[in-house]
Every structure is written in structure tokens, then in C-alpha cells.
Amino acid sequence: MTAPVKASNQKPADDTPIEVALVKASLEGDREGFGRLYDLYAPLVHGILLSRVPRSEVDDLVQDIFLHAFKKLDTLRDWAAFGPWVAMIARNRAMDFHRRAKDTVEVTDDLRSTDTSTTKAEEILELIRGLPEAYRETLVLRLVEGMTGPEIAARTGLTPASVRVNLHRGMKQLREKLGFQEGL
Numbered sequence: 026m027t028a029p030v031k032a033s034n035q036k037p038a039d040d041t042p043i044e045v046a047l048v049k050a051s052l053e054g055d056r057e058g059f060g061r062l063y064d065l066y067a068p069l070v071h072g073i074l075l076s077r078v079p080r081s082e083v084d085d086l087v088q089d090i091f092l093h094a095f096k097k098l099d100t101l102r103d104w105a106a107f108g109p110w111v112a113m114i115a116r117n118r119a120m121d122f123h124r125r126a127k128d129t130v131e132v133t134d135d136l137r138s139t140d141t142s143t144t145k146a147e148e149i150l151e152l153i154r155g156l157p158e159a160y161r162e163t164l165v166l167r168l169v170e171g172m173t174g175p176e177i178a179a180r181t182g183l184t185p186a187s188v189r190v191n192l193h194r195g196m197k198q199l200r201e202k203l204g205f206q207e208g209l
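In case it helps, the working numbering puts the sequence shown at residues 26 to 209.
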């Protein structure tokens, strides 16, 4: 018997993680179930990619990752681990992107947008990409995707304390890169 599912971000009535019910429904052919998994985890995947690849590539890669996840869903052993599994796929695809990028010509600066706010955001995002991976990912999920610390912890499998430490240290390093001094 399938546990009733209330809303897209709530647990089923029997306290089974929502991912378990949605993966089960997806494997049984319920496209809406996979759509709800997408809604829950697309911001996480987007943030992971945004911290690793050019913004112009992110949307296509998100779609590619979820298509891959849909096709390989039957290989997922622990249905409750859908979030960490899809996050791992995203990280691997980002590494694949960079391997392939070595063989391609990069976009020249004169083709980039001259919009000041977009340029500044891209510059900051580029600084974030230069941070250690743990800080980079949590900062993008917090600052760009708007996730709270507990949401980041739940979606990535990190402890809330680790998320807080990563955010604190990441922000400190980002401030240093931006030229801010402590105490000002």
C-alpha cells in the first residue's frame, strides 16, 4: 500500500521520507511523481552546477541530469537517498563538462553581456567558483538559490552544523576576495 502524500514538500502520513513515496510512484510510471522530485531537487542541482559551470550552460545541464536520473532511477538502491544521488550526478556532469571544455574554444569577452548588474553578478559568481568546493556549493545554494541552512543540509546530506561552518568560512573567504576588511 502506498502512503498518502500531502503536498510536494511534506512527508507522507506514515513519516516515510517524501522521496521514497515519489521514487516509488515514479518507478510505477507516475510522471507527476518524478515531476515533484524535480521540483524538490532542481534548485539543489541548479546551485551545484552554478557553482561549477558557466551560467549559460546550467539550464541545459539541469535538464540533462534529470533525464539521466529518470532513466537510471531503477538503479537507485536507497530511495530516501534520491537527493544525494542526484547531487552526485550533477557534480559528475560538471566535471564532465570541464573535461569536454578543454577541447572547445571559450567564448570571448566581447561576446559577453555588458549589463552592469549581470557583469557584477558574474564576477562574484566567478569569485565563488574559486573557493573550495564545500564552501562554493553551500554559498551558491544559499545566496543564489535562496535555500536556508536546514534546507541545504536536508538536500545535500550535510549536517546543519557543517552547513553553518561552510557558509561562515565561505562568506569570510568571499569577503576577502572582494576586498572587505573585518570590522568595517
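Every residue gets a Cβ at the ideal spot worked out from N, C-alpha and C, and that includes glycine.
On a predicted model such as this, the values are computed, not experimentally measured, just so you know.
Next item on the list: Enumerate, from N- to C-terminal direction, the unbroken alpha helix (DSSP H) stretches of 4 or more residues contained entirely within the region 46 to 99.
Entry: As far as the region 46 to 99 is concerned, its whole alpha helix (DSSP H) runs of at least 4 residues are 56 to 75, 80 to 97.
Notebook entry, point to check: Is it the case that the Cβ atoms of L166 and M172 are separated by a distance below 7 Å?
Noted result: Reading the sequence shown from its first residue, position 141 is the one you call residue 166. Reading the sequence shown from its first residue, position 147 is the one you call residue 172. Less than 7 Å separates the beta-carbon of L166 from that of M172.
Next item on the list: Along the alpha helix (DSSP H) that carries K185, what are the first and last residues, could you check?
Entry: Residue 185 sits at position 160 when you count from the first residue of the sequence shown. Before going on, a small fix: residue 185 reads as Pro here, not Lys. 185 to 203 is the span of the alpha helix (DSSP H), which, as asked, contains P185.
Notebook entry, point to check: In whole angstroms, what is the alpha-carbon distance linking R61 and L47?
Noted result: Sequence index remark: in the sequence shown, residue 61 carries index 36 (1-based). Sequence index remark: in the sequence shown, residue 47 carries index 22 (1-based). Roughly 7 Å between the two C-alpha positions.
Next item on the list: Could you tell me the distance, in whole angstroms, from the CA atom of K31 to the CA atom of P42?
Entry: As a working mapping, residue 31 is identified with position 6 in the sequence shown. As a working mapping, residue 42 is identified with position 17 in the sequence shown. No answer about K31 holds up, because its pLDDT of 36 lies below 50 and its placement is not dependable.
Margin query: I believe G174 touches P157 by the beta-carbon criterion, under 8 Å. Please report the beta-carbon distance rounded to the nearest angstrom.
Written below: In the sequence shown, residue 174 corresponds to position 149, counting from 1. In the sequence shown, residue 157 corresponds to position 132, counting from 1. So it is not a contact: roughly 18 Å between Cβ atoms.
Notebook entry, point to check: Would L75 be called buried (16 or more neighbouring beta carbons within 10 Å of its own) or exposed?
Noted result: Position 50 of the sequence shown, counted from the start, is the residue given in the question as residue 75. Per the 10 Å Cβ criterion, buried.
Next item on the list: Using beta-carbon positions only, say whether A105 and E44 come within less than 7 Å of one another.
Entry: For the purposes of this step, residue 105 is identified with residue 80 of the sequence shown, where counting begins at 1. For the purposes of this step, residue 44 is identified with residue 19 of the sequence shown, where counting begins at 1. Yes, the pair counts as a contact, with Cβ atoms nearer than the cut-off.
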